[in-house]
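So in our numbering, spot 187 of the sequence shown is number 189, and the numbers just go up one at a time. To start, the structure under review is shown below, and the notes come after it.
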Amino acid sequence: MAYYSRHSIFLYDNDKQKLLYLQSLIEEEKLSFELREETVYQYDGEPLNILCISDANYDPEIGCSWYSFDHDMERISEKFNQKYPDDLIAVYVKTEDGYEILYEFHDGVSNYTDIIHFQTELNKVCEELNQKNAEVPVPLFEVIDIAHHPTVLFHFGAYTFIGYNVFELYSEDNRTYGAVASFGHSSRNHNHLPYRAKAQQILYDYLLEIRKAGKLR
């Protein structure tokens with residue numbers, strides 16, 4: 003069974019001349035790609051509108067397979083970096099099952115990271131928290147999973163764990179949560195530091211517990 007992915011190859015400096023040279027190296031591998039403007043995503047889910055070398059035959063219903071993607075791009079990057087030794091080749095990949103990955107290639111070496119749309123996930127967490135707290139009194143401390151993210155809720159805010167990052171959420175009225183704090187808000191008051199510190203410790207202890215149980219995503 004074929005596995006289909008979208009590949010969008012780009013350079014961080016958006017230099018067209020370099021991209022044209024890179025495209026010529028790709029064509030030497032008998033791969034069908036074309037130069038066009040696209041929206042790709044950085045590791046934190048922020049969009050980037052940039053000139054890309056993209057799958058010419060990609061279609062959401064049909065797809066375009068590139069079975070030796072890693073090895074092909076590593077080989078191509080060796081040739082590319084002979085001419086442009088300081089440049090990284092970036093590739094935004096979206097798989098048929100919806101996963102998004104950012105690859106970087108340099109001189110035959112590759113690394114990759116999963117793309118997480120942090121702001122989108124934070125919005126989901128805040129939305130579910132606000133629905134949950136609409137009629138339920140806020141506890142002193144509570145450990146919950148919100149939008150599939152481990153979260154500790156406490157009187158003056160919440161901490162949530164998304165993609166190996168901990169975010170502090172602020173409550174404007176001990177009920178309505180947002181990811182952005184306003185200056186001078188009560189949750190930033192030094193009197194509440196012990197509560198914030200304890201909430202963070204509860205979250206870290208919970209993360210250790212679920213990691214030992216193999217439940218940490």
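Cβ coordinates follow ideal geometry from the N, Cα and C atoms, glycine included.
Residues bridged to residue i [DSSP beta-bridge criterion]
i	result
Pro152	Asp147
Ile52	Glu40
Gly159	Phe156 and Tyr172
Phe12	Ala92
Leu104	Tyr94 and Thr115
Span separating the alpha-carbon of residue i from that of residue j
i	j	result
Val168	Glu29	43 Å
Leu50	Gln203	36 Å
Gly110	Glu40	25 Å
Ile11	Asp57	9 Å
Phe156	Phe82	52 Å
Gly65	His119	Caution is warranted here: a pLDDT of 48 is assigned to Gly65, below 50, making its placement in the model unreliable, and the coordinate value is therefore given only provisionally. Answer to the nearest angstrom: the Cα atoms are 23 Å apart.
Ala201	Glu170	10 Å
Closest residue to residue i among the options (Cα-Cα distance)
i	options	result
His151	Tyr208, Pro196 and Phe107	Tyr208
Asp99	Ser34, Ser7 and Ser112	Ser7
Phe71	Asp46, Gln84 and Glu31	Glu31
Gln121	Asp88, Ser34 and Ile164	Ile164
Arg198	Tyr172, Arg213 and Tyr179	Tyr172
Gly180	Leu33, Thr115 and Leu131	Leu131
Tyr43	Cys54, Phe35, Ser34 and Glu36	Cys54
Tyr101	Gly47, Ser112 and Val154	Gly47
Ser26	Ile78, Pro196 and Tyr105	Ile78
Task: Cβ contact (3+ pairs, closer than 8 Å) linking the segment 114 to 130 and the segment 158 to 165 - done: yes
TODO: Could you tell me whether the segment 141 to 148 touches the segment 83 to 98, where touching means 3 or more Cβ pairs closer than 8 Å?
DONE: no
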